[in-house]
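Chains G and Y supply the protein sequences, listed in that same order. Numbering of the first sequence is given in this note's numbering, commencing with residue 7 and proceeding in unit increments. Numbering of the second sequence is given in this note's numbering, commencing with residue 7 and proceeding in unit increments. The C-beta atom is built at its ideal place from N, Cα and C for all residues, glycine as well.
Number of protein chains: 2
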Amino acid sequence: MEPSAFDTLFRALGDPTRRALFERLARSELTVRALTDGAGISQPAVSKHLAILKGAGLVLDRPQGRETHYRADPKGLAPLLDWMRLHETLWAGSFDRLDDLLKRMDQ
Amino acid sequence: MEPSAFDTLFRALGDPTRRALFERLARSELTVRALTDGAGISQPAVSKHLAILKGAGLVLDRPQGRETHYRADPKGLAPLLDWMRLHETLWAGSFDRLDDLLKRMDQ
DNA sequence: TTAATTCATAACCCCCTGGTTATAACAATC
DNA sequence: GATTGTTATAACCAGGGGGTTATGAATTAA
């Protein structure tokens, strides 16, 4: 069976290195070179991670000349919300924390 | 470096088989035997998945005689909320959907 | 007490994944 | 045009992870 959107999303976020890249891209758009500097791994490794993040819909690329700019895609996390909605009953205990999150986002 | 709580949680949820087990346990408490029937994999494989889910704090076990009952732990998903809070800015676009979720949980 | 059931662990295997280096394509600069 | 810089891909490799069967410990049933 082909992997679901949940699979690709969870798997993409499952790797710490990949999640670190995503978190950097959440703050600002960066080129592959900029991402490689400070990532502690080679440039091809970074490119592979970016391809996976892109495949999961977490990241968008913007080629410009010889460099490619990457940025996080807000819509990429939507399946996470969908999955949580499937398990609302589990959330009762965490409700107040989620409420806090919403309040902070609202202001 | 030792893996963070995020790592263990995301990795635990990253495997489809494991997520399926977790989803079944979200609905009702089940024994290893009950989980194995209908999982499509061997009993030792199920036990290993359960150990990983337990290690991630997603599941609680309750030994009773020769069988062990497992159930989902609501608090296990808390780190997911924490992680989302770290990236609130990314959420602007998904805000209304999260709002929907909260409304449905409130009723 | 003997047999059957349930579960966890050990030992093993294969494949997938995350890393590497090498290289090619393309763009910018000299 | 030649060179340098940026990125993606190919080829490869080591390790980890998810599966298996075998087995033992503990509990229940016969």
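For this session: Please determine, among A62(G), G20(G), R68(G), A45(G), the residue with the shortest C-alpha to C-alpha distance to S10(Y).
Result: Taking the first residue of the second sequence as position 1, residue 10(Y) is located at position 4. Taking only the C-alpha atoms, the option nearest S10(Y) is G20(G).
For this session: Name the two residues that bound the continuous beta strand (DSSP E) containing R68(Y).
Result: Stepping through the second sequence from its first residue, residue 68(Y) is reached at position 62. Start and end: 65 to 70.
Exercise. Buried or exposed: D79(Y), going by 16 or more other Cβ atoms within 10 Å of its Cβ?
Worked result: Residue mapping note: residue 79(Y) aligns to position 73 of the second sequence, counting from 1. By the 10 Å Cβ count, D79(Y) comes out buried.
Problem set entry | Status (buried if at least 16 other CB within 10 Å, exposed otherwise) for R72(Y) | On the second sequence, position 66 is the one that residue 72(Y) refers to. That one is exposed.
Problem set entry | Exposure of G128(Y), with buried meaning 16 or more beta-carbon neighbours within 10 Å | The structure shown has nothing for residue 128(Y), since chain Y only spans 7 to 113.
For this session: At 3 residues or longer, and completely inside the segment 32 to 67 of chain G: list those beta strand (DSSP E) runs for me, N to C.
Result: none
For this session: Sort F12(Y), G61(Y), P50(Y), L36(Y) by Cα distance to P69(Y) and report the nearest one.
Result: For the purposes of this step, residue 69(Y) is taken as residue 63 along the second sequence, with counting starting at 1. Nearest option by C-alpha distance: L36(Y).
For this session: In the DSSP assignment, find the unbroken alpha helix (DSSP H) run with D13(G) in it and report its ends.
Result: For the purposes of this step, residue 13(G) is identified with residue 7 of the first sequence, where counting begins at 1. Here the alpha helix (DSSP H) through D13(G) covers 11 to 20.
Exercise. Can you give the Cα-Cα distance for G63(G) and H75(Y), rounded to whole angstroms?
Worked result: For the purposes of this step, residue 63(G) is taken as the residue at position 57 of the first sequence. For the purposes of this step, residue 75(Y) is taken as the residue at position 69 of the second sequence. As the crow flies, the alpha-carbon of G63(G) is around 37 Å from that of H75(Y).
Exercise. Cβ atoms of V38(G) and S53(G): under 8 Å apart, would you say?
Worked result: Residue 53(G) sits at position 47 when you count from the first residue of the first sequence. Residue 38(G) sits at position 32 when you count from the first residue of the first sequence. Cβ distance < 8 Å, so S53(G) and V38(G) count as in contact.
For this session: Using the Cα positions of D67(Y) and R77(Y), report the straight-line distance between them to the nearest angstrom.
Result: Position 61 of the second sequence holds residue 67(Y). Position 71 of the second sequence holds residue 77(Y). Pairing D67(Y) with R77(Y), the inter-Cα distance amounts to about 7 Å.
Exercise. Using a beta-carbon distance below 8 Å, is P85(Y) in contact with chain G?
Worked result: As a position in the second sequence, residue 85(Y) is number 79, starting the count at 1. Not an interface residue.
Exercise. Does the beta carbon of P50(G) come closer than 8 Å to any beta carbon on chain Y?
Worked result: Indexing the first sequence from 1 puts residue 50(G) at position 44. It does not: the Cβ of P50(G) has no partner Cβ on chain Y nearer than 8 Å.
Exercise. In three-state DSSP terms, what is L27(Y)?
Worked result: For the purposes of this step, residue 27(Y) is identified with residue 21 of the second sequence, where counting begins at 1. It is helical.
Exercise. Applying the criterion that 16 or more other CB atoms from any shown protein chain within 10 Å of the CB defines a buried residue, is T14(Y) buried or exposed?
Worked result: For the purposes of this step, residue 14(Y) is taken as residue 8 along the second sequence, with counting starting at 1. Label assigned to T14(Y): buried.
Exercise. Which bits of chain G does D13(Y) rub up against, with CB to CB less than 7 Å?
Worked result: As a working mapping, residue 13(Y) is identified with position 7 in the second sequence. In chain order: P22.
Exercise. Residues of chain G with a CB under 7 Å from the CB of L59(Y): which are they?
Worked result: Translated into positions along the second sequence, residue 59(Y) becomes position 53. The contacting residues do not exist; L59(Y) stays about 13 Å from chain G at best.
Problem set entry | Proximity test, Cβ basis, 8 Å: R17(G) and chain Y | As a working note, residue 17(G) is residue 11 in the first sequence. Chain Y, which has a Cβ nearer than 8 Å to the Cβ of R17(G), makes this yes.
For this session: Can you have a look at L92(Y) and say buried or exposed, based on whether 16 or more other CB atoms are within 10 angstroms of its CB?
Result: Here residue 92(Y) is taken as the residue at index 86 of the second sequence, counted from 1. Flag for L92(Y) reads exposed.
Exercise. Do you know how far the Cα of I58(Y) is from the Cα of F16(G)?
Worked result: In the first sequence, counting from the first residue as 1, residue 16(G) sits at position 10. In the second sequence, counting from the first residue as 1, residue 58(Y) sits at position 52. C-alpha separation (whole angstroms): 16 Å.
Exercise. Is it the case that the Cβ atoms of A45(Y) and L27(Y) are separated by a distance below 8 Å?
Worked result: For the purposes of this step, residue 45(Y) is taken as residue 39 along the second sequence, with counting starting at 1. For the purposes of this step, residue 27(Y) is taken as residue 21 along the second sequence, with counting starting at 1. Closer than 8 Å, so yes.
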